[in-house]
Structure formats: structure tokens, C-alpha cells
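Numbering (the numbering used here), first residue to last: 4 to 143.
We put the beta carbon where it would ideally sit given N, CA and C, even for glycine.
Here the structure is a predicted model, which means the values were calculated and not measured.
Okay, here's the thing in C-alpha cells:
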């Protein structure tokens, strides 16, 4: 599903709440996300720091709890916010839509309450929402 968003629209800046073994590496894969200029991963679990350290100059990791994560990113902007955190997911989605045109949430059924919503059910369902971009043409 993440590859679908990169094919659908130009993604230059990503903020990721909760790093992932798959997602973080995929965002930094130039073949999958050729336009990526910056990836900010906000992670609350310090044990993940070693897994998330990539050495890629486009990538920055911030270790922060939920409240600090919102505070740290409130002045940022992104093309995509991706929520893969284990806590306070709905609050992170609501915050994400204020700093990005598109918000994706990993491993969820439906988000609701946004103008456009597109769900992909591959191995694990990922849902994208936007209030400004019609996502109906996005395909795997």
C-alpha cells in the first residue's frame, strides 16, 4: 500500500509516527519513493533506535513520547504522515492531517471523518485519508 501512494502522488517529505522495519526502509528506497527529500521518524521506544538508524542523510529520528511527538512536529509540514505507532493513533491521525495533505495509518480498519478515504487490504490493512486530495484513483 505504501508503494501505491508514491505512484499516486509526489511524496517529498514524510513524517512517520512509529518507525517500522518495513516502512522506514521503504520510504528511503529511491526506487519506491524517488522524490523523497526528508523522512522524520518519531519513535517513543528507544529500543527501536538502533533498528531505525539508517545513515541516510535524508532521515532523522526523534525519540519522543506521544505529547512530545505532537509538539515536536506541529511546526513541520509533509506530503505524507504515516502512523504506525502503537499508542494514541486517532490523535496522531488528527494531528497529521493538520501538517500533511495525506495521512496513512497502518493496521487499521477504517478511520472515518475525513473527506477522502482509501483502504488497501493486502497482508495488513492500510488506510489513507485526506481532506484536500481525492484518493479514489489510487491503486495498488
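Start and end of the alpha helix (DSSP H) containing residue i?
i         : result
residue 2 : There is simply no residue 2 to check, as the chain begins at 4 and stops at 143 in what is shown.
residue 8 : 5-11
Suppose the cutoff is 6 Å on Cβ atoms and the five residues either side in sequence are ignored; what does the same chain contact list for residue i look like?
i           : result
residue 43  : 18 and 63
residue 119 : 133, 137 and 138
residue 91  : 69
Can you tell me the Cα-Cα spacing of residue i and residue j, whole angstroms?
i           : j           : result
residue 52  : residue 12  : 29 Å
residue 36  : residue 26  : 11 Å
residue 135 : residue 29  : 25 Å
residue 48  : residue 55  : 11 Å
residue 141 : residue 104 : 15 Å
residue 67  : residue 22  : 12 Å
residue 7   : residue 81  : 17 Å
residue 41  : residue 58  : 13 Å
residue 106 : residue 95  : 9 Å
residue 72  : residue 45  : 6 Å
For the beta strand (DSSP E) that contains residue i, what are its first and last residues?
i           : result
residue 63  : 62-66
residue 82  : 81-86
residue 140 : Careful: residue 140 lies outside any beta strand (DSSP E) and carries neither H nor E.
Apart from the five residues on each side of it in sequence, which residues of its chain come closer than 7 Å, Cβ to Cβ, to residue i?
i           : result
residue 128 : 110, 111, 112 and 122
residue 114 : 96, 108, 120, 130 and 132
Using 8 Å for Cβ pairs, my map puts residue i next to residue j. What's the rounded Cβ distance?
i           : j           : result
residue 100 : residue 117 : 7 Å
Exercise. Return the chain-ordered ranges of every alpha helix (DSSP H) run that is complete within the segment 19-50 and spans a minimum of 4 residues.
Key: 26-31
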